[in-house]
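Trainee:
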Amino acid sequence: MTPLTVTLVLLSQLAQVGGQVLLKHGMSEVGRTPRRTGAVLRGLGGGIALLTAWFGLWMGLMQKLELSQLYPFTGLSPVLMVLAASLFLRERADGRTWLGVALITAGTILVAFSVPAGSH
Amino acid sequence: MTTPTKPPSAWYLNPYLHLGLNCALMAASELLLKVGATEQSGIAAPEWLKGTGLTTLGSWWTIAGIGLYILAFVNWLYVLRWIPLNLAYLVTSSVQVLIALGAWLLLGEGISLLRWGGIALITAGIVFSAQSSAQAEEKL
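Listed in order, the protein sequences are those of chains D and R. 1 is the number of the first residue of the first sequence in the working numbering; add one for each residue after it. 121 is the number of the first residue of the second sequence in the working numbering; add one for each residue after it.
(1) Looking at chain D, which residues of the region 131 to 147 of chain R have a Cβ within less than 8 Å of any of its Cβ atoms?
(2) Looking only at C-alpha atoms, which of D:Val82, D:Tyr71, D:Ala93, D:Ala102 sits nearest to Ser114 of chain D?
(3) Return the CA-CA distance between Leu200 of chain R and Ser28 of chain D, expressed in angstroms with no decimal places.
(4) When you compare the CB of Gln160 of chain R with every CB in chain D, is at least one pair closer than 9 Å?
(5) Kindly give me the distance between the Cβ atoms of Ile231 of chain R and Ala244 of chain R, rounded to whole angstroms, as I take these residues to be in contact under 8 Å.
(6) Can you give me, in chain order, the residues of the region 206 to 223 of chain R that have a beta carbon less than 7 Å from any beta carbon in chain D?
(7) Would you say Ile190 of chain R faces chain D, with C-beta separation under 9 Å as the test?
(8) Verify the CB distance criterion: does Thr52 of chain D have a CB-CB separation below 9 Å to chain R?
(9) Is Arg42 of chain D close to chain R, meaning its C-beta is less than 9 Å from at least one C-beta of that chain?
(10) If you draw a straight line from the alpha carbon of Arg36 of chain D to that of Leu44 of chain D, how long is it in whole angstroms?
(11) Ala148 of chain R to Gly185 of chain R, Cα distance in whole Å?
(12) Do the CB positions of Thr175 of chain R and Leu153 of chain R come within less than 9 Å of each other?
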């Protein structure tokens with residue numbers, strides 16, 4: 001895997017996490033008074049744009065790499081998501097949340113290694 | 121206008137029910153897309169066109185898969201309205217488990233011992249993080 005590919009993989013993960021944070025940000029504004037329609041639309045629009053970028057990057061990577069190489073990186077997304085949620089959304093994460101994240105990441109990596117080499 | 125700070129009390133609007141529904145929709149959508157892609161892989165078309173994935177749109181399975189995917193996205197927005205992102209996102213890891221089980225039971229794909237191990241770890245991880253969030257909500 002070249003440094004460029006690794007960078008693209010990380011970028012796609014960041015786009016996914018950023019997209020979800022923006023969606024959550026927008027949806028949290030729904031139903032608040034005073035009404036802030038602009039904030040809702042900015043969140044949803046930005047979120048959908050970033051998730052589209054993630055999808056495009058990911059499809060491009062899947063064409064170049066084998067699934068068994070690419071799939072382990074999806075284990076990163078729970079870690080990044082919980083980090084981003086506590087940084088940008090002030091969601092609390094305690095020891096048990098992080099234990100859960102560690103187990104999910106380990107499980108995802110095991111599942112990734114069980115994907116037979118050569119499959120796309 | 122009043123500010124709804126609590127989710128609606130009707131059972132069918134319960135956000136956690138919808139989070140579960142979201143996982144089921146995502147898994148069902150992936151399985152439908154897989155059936156559609158497999159069905160269309162044998163058709164006569166130039167390789168470059170097949171590479172774009174557009175030829176898979178010729179199958180109703182694919183169309184149904186896309187329909188469920190869109191439904192799942194709208195449903196996900198409703199989930200985000202009420203449930204913290206970290207909990208909601210971690211619970212959607214169960215989609216991987218549901219897809220593996222669906223591929224095994226419905227599509228006849230094999231599951232290796234390694235994959236069963238991964239599935240068990242992911243499930244345990246979801247239970248731990250869900251417990252932690254449930255406790256945090258009780259304190260509020």
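All residues carry an ideal CB built from backbone N, CA and C; glycine is no exception. Nothing here was measured: the structure is a model prediction, and the numbers come from that model.
Mentor: According to the structure data:
(1) none
(2) Position 114 of the first sequence holds residue 114 of chain D. Of the candidates D:Val82, D:Tyr71, D:Ala93, D:Ala102, the one whose C-alpha sits nearest the C-alpha of Ser114 of chain D is D:Tyr71.
(3) On the second sequence, position 80 is the one that residue 200 of chain R refers to. On the first sequence, position 28 is the one that residue 28 of chain D refers to. Roughly 7 Å separates the two Cα atoms.
(4) Numbered from 1 along the second sequence, position 40 holds the residue referred to as residue 160 of chain R. Answer no: the Cβ-Cβ gap between Gln160 of chain R and chain D never drops below 9 Å.
(5) Here residue 231 of chain R refers to the residue found at position 111 of the second sequence. Here residue 244 of chain R refers to the residue found at position 124 of the second sequence. That pair is no contact at about 17 Å.
(6) With the criterion set as a beta carbon lying under 7 Å from some beta carbon of chain D, the members of the region 206 to 223 of chain R are Asn206, Tyr209, Leu210, Ser213, Gln216, in sequence order.
(7) If you number the second sequence from 1, residue 190 of chain R lands on position 70. Not one chain D Cβ lies under 9 Å of Ile190 of chain R.
(8) Within the first sequence, the letter at position 52 stands for residue 52 of chain D. Closer than 9 Å: no.
(9) The residue given as residue 42 of chain D occupies position 42 in the first sequence. Chain R has no Cβ within less than 9 Å of the Cβ of Arg42 of chain D.
(10) For the purposes of this step, residue 36 of chain D is identified with residue 36 of the first sequence, where counting begins at 1. For the purposes of this step, residue 44 of chain D is identified with residue 44 of the first sequence, where counting begins at 1. One C-alpha to the other measures close to 13 Å.
(11) In the second sequence, counting from the first residue as 1, residue 148 of chain R sits at position 28. In the second sequence, counting from the first residue as 1, residue 185 of chain R sits at position 65. One C-alpha to the other measures close to 7 Å.
(12) Counting from 1 along the second sequence, the entry for residue 175 of chain R is found at position 55. Counting from 1 along the second sequence, the entry for residue 153 of chain R is found at position 33. For Thr175 of chain R and Leu153 of chain R, no; Cβs fall outside 9 Å.
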